[in-house]
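Asks: Have a look at the structure that comes next, please.
Residue numbers (this note's numbering): -3 to 568.
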């Protein structure tokens, strides 16, 4: 009978747990949606706030520097400056000094009008002087030329020269391709230190950072050069139209916003670590984690409850049915709670009692029949083998081969000692193999000049397996009687053993050719359907092995590569 291999497994338990999870899943999903919505809303609000702040900062700087630009352009019309630059020869030395001092007062007023102005210079080629708010020096032709090149830029009003920032205005305005030079240049040198201090004052929290970056220079509140360059690079490659971006640096995420100014030709970037941005959500996150933990605990408790009060009784019932499948009717099952399972268990135990009574009448009767068939097989084997053994002893005695007589007598005694002890129907596999080896040696002596016997060794850790008596020796006897007995020479018998995982195979092969393919196929069919054929020695062996080890075990016959028969006993 084919056993049923627990088709249900834990399907009922899994379905109950899955259904409960499906009930909680929408609530849990809603919590996740609310949490993510809160995070996204906060990120949007903070991004908007940062973007507004950056825009206001840059607008304030542009307004301040636009005011400075107006003062610079206004000084271009100063009478003293124009007189010194255009008609210096019409003035004596005293007049020149007076106009220079008056011009310095004007330049100093501009210098003091903003904290972002470091110095104001007026380059006048006609008098070969560089007049600043605080000093008068000789004319520097190199600086004059460099400032003249900077004065022709487009919208950008702030330029970088030799590591300093300038606002340059020339009079008259000279086209870039013109060879004419202006009569004077007014250059306002800006204070980088004060501009950087202004960046620090723009931070709302210490974790924030600001970067004022153009192709010529970079000012930043952070001294981490790599961080500043990463920010400028990633923001510069992306969109800068007041859109918040996430920048990754050194394993940390930064929320950053930026805005561009054509007046400065630069970007103003503001960034803050996301960990600092979402610090207010830490408490909300903790509550969410608590909610997730409580949900998980509820699922676990529910699963344990279902396992204890539903799955375990079902598992016990299934286990009891599986014991019945393998023929174990010894243990009734009990259930203490007064519920549906108690009724099922009570009816199961009643069925078990009925099955036990049927076993006494049917199953045990079948076992006794098998034992009777075994004893009948032994009674058929023993007389025939005994006759042949006496003939061999007689021959050895007449030939005077007393050494072989002694050996043969010992083997014969060991053989009959095994087959005549009927108190046990099962023996260790090692003992069964030893008995078959003795029988093969006896037959090898009988067919010494006609048959070569090769008998392998039993694999390790296999000899203790209990098997039915007389399952291997009859196969060897069958090989001699129906395959090798008629061969005058060149006979071959090979007995070997294989073991893989939990499977042991006992293989007997010969090169006898008396059994044709039709006969071999007929015997194999009888082995596969033993109920439809008479009980022979091979079928008896096959049935006893299956009865002991299950339907995956048994005896199979096939044609081997020598042209003879290969008999394989499989023990699962």
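Glycine included, C-beta positions come from ideal geometry on N, C-alpha and C. Just so you know, these numbers come straight off a predicted model, no measurement behind them.
Helix, strand or coil, according to DSSP, for residue 112 in the structure here?
Replies: Residue 112 falls in the coil class under three-state DSSP.
Asks: Would DSSP call residue 462 helix, strand or coil?
Replies: The answer is strand: DSSP assigns residue 462 an E or B state.
Asks: From this set, 509, 538, 504 and 508, which residue's C-alpha is nearest residue 520's C-alpha?
Replies: Considering only alpha carbons, the answer is 538.
Asks: If you drop the 5 nearest sequence neighbours on each side, which residues of the same chain put their C-beta closer than 8 Å to that of residue 562?
Replies: Here the set comprises 503, 504, 505, 553, 554, 555 and 556.
Asks: Could you compute how far the alpha carbon of residue 386 sits from the alpha carbon of residue 346?
Replies: Computed Cα separation, rounded: 59 Å.
Asks: Where in the stretch 214 to 275 do unbroken runs of the beta strand (DSSP E), each at least 3 residues long, occur, reported from the N-terminal end onward?
Replies: Fully enclosed beta strand (DSSP E) runs of 3 or longer: 214 to 216, 241 to 245, 248 to 257 and 262 to 269.
Asks: Less than 8 Å between C-beta atoms, sequence neighbours within five positions excluded: which residues of the same chain meet that for residue 99?
Replies: Excluding residues within five positions, the ones whose Cβ falls inside 8 Å are 74, 76, 77, 80, 118 and 127.
Asks: Can you tell me whether DSSP reads residue 162 as helix, strand or coil?
Replies: In the structure shown, residue 162 sits in a strand (DSSP, three-state: E or B).
Asks: Roughly how many angstroms separate the alpha carbons of residue 59 and residue 26, rounded to a whole number?
Replies: Taking the straight line from one Cα to the other gives about 49 Å.
Asks: Are the stretch 20 to 40 and the stretch 287 to 295 in contact at 8 Å, needing three or more beta carbon pairs?
Replies: Yes, they touch.
Asks: Should residue 2 go down as buried or exposed, given a rule of 16 or more other Cβ atoms within 10 Å for buried?
Replies: Its pLDDT being 47, under 50, residue 2 is placed unreliably by the model, and the measurement read from it follows with that caveat. Residue 2 is exposed by the Cβ-count criterion.
Asks: Between the C-alpha atoms of residue 517 and residue 551, what's the straight-line distance to the nearest angstrom?
Replies: Looking at the two C-alpha atoms, the distance is approximately 14 Å.
Asks: Going by other Cβ atoms of all chains shown within 10 Å of its Cβ, with 16 needed for buried, is residue 300 buried or exposed?
Replies: It is exposed - the Cβ of residue 300 has fewer than 16 other Cβ atoms within 10 Å.
Asks: Around the Cβ of residue 409, are there at least 16 other Cβ atoms within 10 angstroms (buried) or fewer (exposed)?
Replies: Exposed.
Asks: Measuring straight from C-alpha to C-alpha, what distance separates residue 389 and residue 568?
Replies: Distance between the alpha carbons of residue 389 and residue 568: 40 Å.
Asks: On the premise that residue 565 lies in contact with residue 541, defined as a C-beta separation below 8 Å, what is that separation, rounded to the nearest angstrom?
Replies: Going by Cβ atoms, the distance from residue 541 to residue 565 rounds to 6 Å, so yes, they are a contact pair.
Asks: State the Cα-Cα distance for the pair residue 196 and residue 255, rounded to the nearest angstrom.
Replies: Those two C-alpha atoms are separated by around 17 Å.
Asks: State buried or exposed for residue 498, treating a residue as buried only when at least 16 other CB atoms are found within 10 Å of its CB.
Replies: Looking at its Cβ environment, which holds fewer than 16 other Cβ atoms inside 10 Å, residue 498 is exposed.
Asks: Suppose contacts are defined by Cβ-Cβ distances below 7 Å. Is residue 132 in contact with residue 138 by that definition?
Replies: Result no, Cβ atoms of residue 132 and residue 138 do not sit closer than 7 Å.
Asks: For residue 425, is the classification buried or exposed, using 16 other Cβ atoms within 10 angstroms of its Cβ as the cut-off for buried?
Replies: Flag for residue 425 reads buried.
Asks: Would you kindly check if the distance between the Cβ of residue 179 and the Cβ of residue 86 is under 7 Å?
Replies: Not a contact, by the Cβ cut-off of 7 Å.
Asks: From residue 350 to residue 524, what does the alpha carbon distance come to, in whole angstroms?
Replies: So the two alpha carbons sit approximately 31 Å from each other.
Asks: Under three-state DSSP, which class holds residue 59?
Replies: It is helical.
Asks: In whole angstroms, what is the alpha-carbon distance linking residue 513 and residue 474?
Replies: Near 17 Å, if we compare the C-alpha coordinates of residue 474 and residue 513.
Asks: Check this for me: beta carbons of residue 217 and residue 245, under 7 Å apart or not?
Replies: Contact flag unset, no.
Asks: Where do the ends of the alpha helix (DSSP H) carrying residue 516 lie?
Replies: From DSSP, the alpha helix (DSSP H) with residue 516 extends over 513 to 524.
Asks: Quick one: using the 10 Å Cβ neighbour count with 16 as the cut-off for buried, is residue 490 buried or exposed?
Replies: By the 10 Å Cβ count, residue 490 comes out buried.
Asks: Taking the straight line between their C-alpha atoms, what separation do you get for residue 398 and residue 442?
Replies: In a straight line, the C-alpha of residue 398 is about 15 Å away from that of residue 442.
Asks: Can you tell me whether residue 431 is buried or exposed, with buried defined as 16 or more other CB within 10 angstroms of its CB?
Replies: Buried.
Asks: Which residue's Cα is closest to the Cα of residue 344: 316, 333, 354 and 321?
Replies: Nearest of 316, 333, 354 and 321 to residue 344, Cα basis: 316.
Asks: For the beta strand (DSSP E) that contains residue 500, what are its first and last residues?
Replies: That run of the beta strand (DSSP E) goes 499 to 506.
Asks: Is the beta carbon of residue 569 sitting closer than 7 Å to the one on residue 153?
Replies: There is no way to answer for residue 569, as the model of the chain reaches only from -3 to 568.
Asks: So is the beta-carbon of residue 230 under 6 Å away from any non-hydrogen atom of the ligand PLP?
Replies: The model on display carries no ligand, and the ligand PLP is accordingly not part of it.
Asks: Taking residue 183 as part of the beta strand (DSSP E), name the residues at either end of that continuous run.
Replies: Where residue 183 is concerned, the enclosing beta strand (DSSP E) stretches over 180 to 186.
Asks: According to DSSP, is residue 402 part of a helix, a strand, or is it coil?
Replies: Looking at residue 402 - three-state DSSP - the assignment turns out to be helix.
Asks: Could you have a look at residue 169 and say whether DSSP puts it in helix, strand or coil?
Replies: If DSSP states are grouped into helix, strand and coil, residue 169 belongs with coil.
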